[in-house]
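Working notes for the structure below.
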Amino acid sequence: MPQLEIRSPTGERSTIELTERPIRFGRADECDVVLRHDAEVSRVHAEVRLDPDGRILVIDKGSKNGTRVDEGEVFRGASSFASRTIRIGEHEIAIIGAAAPAAVEAGAAGALFSAEPVGGMGDTQFFPSTRGFDLNQQRLSLLIRLTERIGGVFERKQLLEEALDACCDALGFERGLVVLKTQRGDTELPVSRNMQRDETGAFKVSRTIINRALLHGERAVVNNPATDLEGNLSESLMRFPICSALCVPIMNRNEILGVMYGDRITQGSIYTPADVDFLAAIAQQVGVGLTNLQLFREHMRSQAMYAELERARVIQRNLLPAAPLLLGRAAMHGFNEPSSEVSGDYFDYFALDQDRIGFIIADVTGHGLPAALIMANVQAAVRVALSGDADLVRLAERVNRLLCSNTSTSVFITGILGILDARSGDVQFVCAGHPGPLLIGDGDVQEHDGLGSLPLGIDPEERFGVQSLSIAGSHPTMMFYTDGLIEAEDGGGRLLGVQAVAEAL
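In the working numbering, the protein residues as written are 1463 to 1967.
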């Protein structure tokens, strides 16, 4: 049997086995699983159970903040199948031992419909998606007005509601719904009107009609199911009962995005091929609108990403020294050339007193704004704590503990903290998982093995040691660098490596 592993915001975990008996989740004590200390969870938030086919059915009980499955969109008062995760408030519920989801089909995914084998169709007519539209002047005017209305909508649910309401008004639907394919490979039902469920939780709509539109792009006109005595399709329609129905695919170019469906359950009038053409024309505009919304969202995400990178770039630029530092006989220069918009590389140097220069060079995991903010915090900590009489080991331990307690386990920093004595040329430094410096003399470059400790931010109990070098002898220049230098590629696509850098120097 599949199991649910419930992970609370505080890190607590518990496991429960799934059966066909519904398991209620919420804050109320009467729930089977009580999710405490989470303001986003409703009293009775959701119900989870296995359906007769062994699939995991998640039913949101009209919660305030909704439920999410498999990283999809939040839904409220509706159902969806789950295969990987369920999100209720701040609680993450992992699904263990679930069967893989079936291919995209309305009856095997988020939108649930009654199943029936396909038999004779009688008064039910299907038309290919390539069929042209036969619209009179009145319906063409309605379509133009709807296009104008949804053209200025930038929220998906509002767009679908506008379109479905227009269909209900113009075509006399008493019930209606929209089914959409998801990026996960299943389906969802974001908008519906007056839809009921049967005893299994399935929507009272024929799966065959939905799937012929969803999988094959066919338009369907269903009339007088009581006279359609051949096959089980009419039996399912009579059981609901349905007097007449229309179903069309939502398409953009040749891609099927979803389905629009509407029916009448009390009126005896019939639908015509012209009616399904009108619904298909509306669905086509919905497909264009959904595609434009996706493009708009991608544009906004790109804009947000560019804005974040620009903020990170400004932070990084302000962190780096603006000019070389000259102190006595010593000079310290720095150069940064990020391989992307914002790298995690960082250096700083500043005078500690009249004779000594403090410096740091570091490489933060990651890129963008998070790396830039970590760099800013490290710079602040080093500038405050690094003084002329500072203990480099204690400083490294302090920064290490700070990172361990305030960042995730995936964040760490390789770096070198040091002090240069401008009078003697002595350099003392602590190396935390960072490449050692290159010692440069007349016609000679030597690589110093850092022999350092673990990077900062991995183990709060890590021990560090001080190393000493001098630039007063035969190698009067010392170059510290990040691994981006030696991992850069030459014209042939090969990594430069230390040897190529040394030869260039």
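By construction, the Cβ of each residue, glycine as well, lies at the ideal position given by its N, Cα and C atoms.
As the structure is a computational prediction, the values presented were derived from the model and not from experiment.
Exercise. Nearest-angstrom Cα distance between GLY1488 and GLU1610?
Worked result: 42 Å
For this session: For my contact list, LEU1854 and GLN1890 are in at a C-beta cut-off of 8 Å; report their separation, rounded to the angstrom.
Result: 6 Å
Exercise. Alpha carbon to alpha carbon, what distance is there between LEU1757 and MET1941?
Worked result: 47 Å
Exercise. Among PRO1590, SER1525, SER1886 and ALA1950, which has the Cα closest to the Cα of LEU1789?
Worked result: SER1886
For this session: Give the single residue among HIS1553, GLN1465 and MET1463 whose Cα lies nearest to the Cα of VAL1503.
Result: Here the closest residue by C-alpha is HIS1553.
For this session: Pull up the distance between the alpha-carbon of GLU1617 and that of LEU1677, whole angstroms please.
Result: 26 Å
Exercise. Quick one: what's got a C-beta closer than 6 Å to VAL1844's C-beta in the same chain, skipping five residues either side?
Worked result: ILE1822
Exercise. Could you give the C-beta distance for GLU1467 and ALA1556, rounded to a whole number, given that I count them as a contact under 8 Å?
Worked result: Cβ atoms of GLU1467 and ALA1556 come within 8 Å of each other, at about 4 Å.
Exercise. Whose CA, out of LEU1857, ASP1883 and SER1870, lies closest to the CA of GLY1877?
Worked result: LEU1857
For this session: Would you list the one or two residues that DSSP bridges to HIS1553?
Result: ILE1550
Exercise. Just curious, the alpha helix (DSSP H) that ARG1655 is in, first and last residue?
Worked result: Premise fails: ARG1655 lies in the beta strand (DSSP E), 1649-1655, not in any alpha helix (DSSP H).
Exercise. Taking the Cβ atom as the reference point for each residue, do LEU1519 and SER1541 lie within a distance shorter than 8 Å?
Worked result: yes
For this session: Helix, strand or coil for ASN1714, going by three-state DSSP, please let me know.
Result: Three-state result, ASN1714: strand.
Exercise. What did DSSP end up calling THR1472 once you bin it into helix, strand or coil?
Worked result: coil
Exercise. Can the beta-carbon of ILE1672 be found less than 8 Å from the beta-carbon of VAL1641?
Worked result: Yes, these two residues count as a Cβ contact at 8 Å.
Problem set entry | Selected residue, minimal CA-CA separation from GLY1880, among ALA1847, ILE1902, GLY1905 and CYS1866 | Nearest of ALA1847, ILE1902, GLY1905 and CYS1866 to GLY1880, Cα basis: ALA1847.
Problem set entry | Contact the region 1944-1958 vs the region 1858-1873: 3+ CB pairs below 8 Å | no
Exercise. Taking just the CA atoms, how far does CYS1709 sit from ALA1675?
Worked result: 7 Å
For this session: Count the other CB atoms, across all protein chains shown, that sit within 10 Å of the CB of ASP1911; report buried if there are 16 or more and exposed otherwise.
Result: ASP1911 should be labelled exposed.
Exercise. Three or more C-beta pairs closer than 8 Å, one from the region 1717-1736 and one from the region 1624-1642: is that the case here?
Worked result: These segments touch.
Exercise. Can you name the residues that DSSP bridges to TYR1808?
Worked result: ALA1824
Exercise. Distance, Cα to Cα, PHE1589 vs ASN1754?
Worked result: In this structure, the CA atom of PHE1589 is about 27 Å from the CA atom of ASN1754.
Exercise. Which residue's Cα is closest to the Cα of LEU1741: LEU1605, ILE1558 and CYS1893?
Worked result: Looking at LEU1605, ILE1558 and CYS1893, the one whose alpha-carbon comes closest to that of LEU1741 is LEU1605.
Problem set entry | Beta-carbon gap between TYR1733 and ASN1656 smaller than 8 Å | no
For this session: Measure how close the beta-carbons of THR1939 and ILE1948 come, nearest whole angstrom, since I'm counting them as under 8 Å.
Result: Taking the Cβ atoms as the reference, THR1939 lies roughly 18 Å from ILE1948, outside the contact range of under 8 Å.
Problem set entry | From VAL1873, LEU1957, ALA1964 and VAL1738, residue whose alpha carbon lies closest to that of ASP1921 | Answer by Cα proximity: VAL1873.
Exercise. Can you name the start and end residues of the beta strand (DSSP E) that CYS1629 belongs to?
Worked result: Premise fails: CYS1629 lies in the alpha helix (DSSP H), 1618-1633, not in any beta strand (DSSP E).
Problem set entry | Cα-Cα separation between GLY1584 and PRO1735, rounded to whole angstroms | Here GLY1584 scores only 45 on pLDDT, less than 50, and its place in the model should not be relied on; the value that follows carries that caveat. Their Cα atoms are separated by approximately 15 Å.
Problem set entry | C-alpha gap between LEU1882 and ASP1888, whole angstroms | Their Cα atoms are separated by approximately 6 Å.
Exercise. The alpha helix (DSSP H) with ASN1862 in it runs from where to where?
Worked result: 1854-1868
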